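Everything below concerns the one structure shown next.
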Amino acid sequence: MHLFRMRLILALIASVTIVSVASTYFDVLAHRHALRQELENRTKWMGLSIEPDVQGPLAAGDSSALAGVTQLLRAGTGALGIMVYDVRGRVLGSAGPSEVTSALGHGVTKTLEKGTEESAFGHTGEWRWLEEVFPLHNGRQLIGGMTIVVDAGYIHEQDVDLWRRSFWRVLALVILIVAITAGMVGWFLTRPMKRVTERLRHLRTGHAEKTGEPDLSLFSPLAREVETMAESLKAARAAAEAEARLREAGERWWTAERLAVHMRDRAGSSRIFVVSNREPYVHARKGREIVCTVPPSGLVTALEPVLRACDGVWVASGSGDADKLVVDGCDRQRVPPDEPRYSLRRVWLTDEEESKYYDGFANEGLWPLCHIAHTRPIFRAGDWECYQQVNQRFADAVLEEMAESEEPVVFVQDYHFALLPRLLKRARPDARVAIFWHIPWPNPEAFGICPWQAELLDGLLGADLLGFHIPLHCHNFLATVDRVLESRTDRDHMTVSRRGHFTTVRPYPISVAYEGIPNVGADGDDPAAEERRAQERRSLLSESGVRAEQMALGVDRMDYTKGILERLTALEQLLEEHPYYRERLALVQIAAPSRTRIPSYADLRARVEEAVERINWRYQTAHWKPVVLIERQCNHEEVRRWYQAADLCLVTSLHDGMNLVAKEFVAARDDEDGVLVLSKFTGAAMELRDALIVNPYDARAAAEAIRAGLEMSRADRRQRMQRMRRQVMEHNIYLWAASVLGDLRELRLDDAEGMDLSRAESISVS
Ligand code: ADQ
């Protein structure tokens, strides 16, 4: 850069100098010409005015008179010299310094020969002059000539002066231009280049954090390339580091990259098909534009790397109001929109289907059936009909998509598609089909109230692999099958054999996408981090006009299984029994509106709002109220901010398959602080043993757990959080996906091959 700068500066000096010298040269020439012209004119006037004084004595040939006249005229005009010649060129009168007069005479010969005026500039020694020669006449006859010599030295002096001034001007100009150029080079080139170099060096050395955006507007194509390269390098390095970490950790930890490689290596020629009710990309109209959003869902995080790696197909119901505008003639779209890697096939549901299959059978029937939350399931024959039809429509779509694939792998999601595994296997016995049941499976007595339990079980048993969150749900399922269907269940190996087809039942605890390295072993408090968290808490609470020293947090869909009312009762109990917490503790409940068309959900919302109002009315003061209810869906970043600012997170589900909020809270706590109060009726309670486990039905015990959490020592909080973070990291969502899909690939499909599955049409109920 120095050499470049030196060269640039030298080139600038040379070019500025050449341009300035040339321009000065022409200035001097023009100026000199003007001065000479003016001097010549003046001298001519002078000559004309003194001519009569000389003509008389010259005509008379009176040389002594001429000598006197020339002396007088010289003194009178201020000329340098005056000389008068006769017609033959002899000097008749002369006045002026001898060095000058002796050097004259050339012009007079010409004048006497041609009778013309002549002028010439000359110099000798220190003298510089203009010699103007006039012909002198007597009437028409040429009688001689007169030379007037005037001083022209000032013209030379002005030339020199002009050059001198020009020199200083050029010098000042060069300095100014060089300084400005050097500054501009530094600002626009050297500085950004330095930043780019620094960034590249950081990339090379592995510290690729952004060090502020270098202003590369001058070379934006280069900037884009550098940024793209930086991103790819960062991703590659992260992946390599993750790989190294995994090797180091004896392959205990899973990442998106490892999952993708793992699945690509094992997929062979099989294509992967995922079926879920919710789609991974939603297109919605926003004014004149169509915007694409990814709904917050752990499933997309887990399954997208697999689908990307194997160019799979995701079949889901189109829910966005612009979804139909972006699909092709076969209802397909390549996604992600900005880097298409796999296909999304959309199935369109009518309003009636939405209401009967989704709201009705799935959410008013199966949801309360599987959750022991004391909300009565509602089963309507019309809903069941519709549920079957929609399952068939999804099956048709999946079968169409996998028509060209050999031994396809299908991963079905959740209770919306209990019949799908059977429908798929019947048409494609070579397909490997897994279904994951995201909600609990109750005991056989509870499940037995469903009028179509046998059909549901038969549908599920079409799968080769059936996953639940925890072993208890697997056992409940096997017990239900035992009771309801004619089949052979093996509790030890967790399989069901029915008409020669085996279904393996396994627990796969779902999780979140946490890939960080736990800071185990780090010790001591970080007062700065504590202060930052307190600041964040104050700022978040102040948005609701509340001041409190401690904050408890609940994040849920507004669902009766989540125990929101029980949580409020526990808080009320705490405030009643421990007045100390009045004006000190605030519970922030973020509740995303959910299934709002279903009466039991509308009813729950009204009851929650009523309870919040009651508690607040009872305890609130000028700047404090015990409960802040935020009824909306927040984005991922917002939820994370709340998690990080909270002292305590309350998960009080009455019954929950897993509950991802508990794991999200743990994953968000980089500061290794915060307490988790967790219901014993969640799947998460099996894994997060360091949470304060509570029975949400026992308000007093739950209140005590909240108090214990708020009063827990920093060291205890830290130790518990560290252990929970390690657990979540080692059992993240990538491990979940790898386990389900890995097991599905490993299964032997021996008995399904070539079997006449049409015989399985009629379901035999034991
Ligand atoms: P859900 O019943 O939906 O899932 P959960 O596991 O708690 O329950 O996940 C809820 C998700 O929604 C979390 O990711 C949470 O962050 C998010 N969420 C909740 N309220 C929100 C809000 N107000 N704003 C933004 N996001 C919010 C079902 C089963 C569970 C099982 C999961 C996964 O009922 O038992 O754990 O599937 O299998």
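When the letters of the sequence shown are read in order and numbered with the working numbering, they come out as residues 55 to 820. Here a beta-carbon is modelled for each residue, glycine too, at the ideal position from N, C-alpha and C. Source: prediction; values computed, not measured.
Give the straight-line distance between the Cα atoms of residue i and residue j, rounded to the nearest whole angstrom.
i	j	result
residue 169	residue 143	13 Å
residue 551	residue 516	10 Å
residue 803	residue 607	47 Å
residue 422	residue 613	11 Å
residue 110	residue 141	14 Å
residue 684	residue 447	38 Å
residue 501	residue 584	48 Å
residue 485	residue 395	22 Å
residue 220	residue 81	10 Å
residue 294	residue 313	14 Å
residue 660	residue 667	11 Å
residue 555	residue 316	28 Å
residue 83	residue 226	23 Å
residue 311	residue 751	42 Å
residue 89	residue 209	7 Å
residue 207	residue 125	22 Å
residue 546	residue 704	36 Å
residue 509	residue 673	52 Å
residue 276	residue 250	10 Å
residue 408	residue 326	27 Å
How close, in whole Å, do the beta carbons of residue i and residue j come, if the pair is a contact with beta carbons under 8 Å?
i	j	result
residue 235	residue 57	Between residue 57 and residue 235 the Cβ distance is about 15 Å, and since that is not below 8 Å, they are no contact.
residue 399	residue 455	5 Å
residue 696	residue 644	7 Å
residue 548	residue 558	7 Å
residue 449	residue 477	4 Å
residue 753	residue 620	7 Å
residue 173	residue 94	6 Å
residue 742	residue 731	Wrong, their Cβ atoms sit about 11 Å apart, outside the cutoff.
Excluding the 5 residues flanking residue i on each side, which residues of the same chain have their C-beta closer than 8 Å to its C-beta?
i	result
residue 60	none
residue 224	70, 71, 74, 75, 78
residue 772	726, 727
residue 670	679, 680, 681
residue 529	545
Does the Cβ-Cβ distance between residue i and residue j come in under 8 Å?
i	j	result
residue 830	residue 715	The question about residue 830 has no answer here: the residues shown for the chain are numbered 55 through 820.
residue 489	residue 511	no
residue 138	residue 112	yes
residue 828	residue 239	Because the chain in this structure spans residues 55 to 820, residue 828 falls outside the shown range and cannot be described.
residue 734	residue 713	no
residue 699	residue 766	no
residue 560	residue 519	yes
residue 452	residue 329	yes
residue 183	residue 134	yes
residue 708	residue 617	yes
residue 567	residue 786	yes
Within 10 Å of its beta-carbon, does residue i have 16 or more other beta-carbons around it, so buried, or fewer, so exposed?
i	result
residue 492	buried
residue 377	buried
residue 634	exposed
residue 165	buried
residue 382	exposed
residue 200	buried
residue 337	buried
residue 229	exposed
residue 589	exposed
residue 214	exposed
residue 309	buried
residue 345	exposed
residue 495	buried
residue 505	exposed
residue 222	exposed
residue 397	buried
Near residue i, what residues of its chain come up, given a Cβ to Cβ distance below 7 Å and the 5 sequence neighbours on each side ignored?
i	result
residue 410	436, 437, 440
residue 351	332
residue 190	105, 108, 109, 112, 197, 198, 199, 200
residue 131	100, 104
Can you find the residues in the same chain that come closer than 6 Å, C-beta to C-beta, to residue i, ignoring five residues on each side of it along the sequence?
i	result
residue 651	413
residue 121	147
residue 623	753
residue 429	422, 614, 654
residue 721	566, 568, 782
residue 594	699
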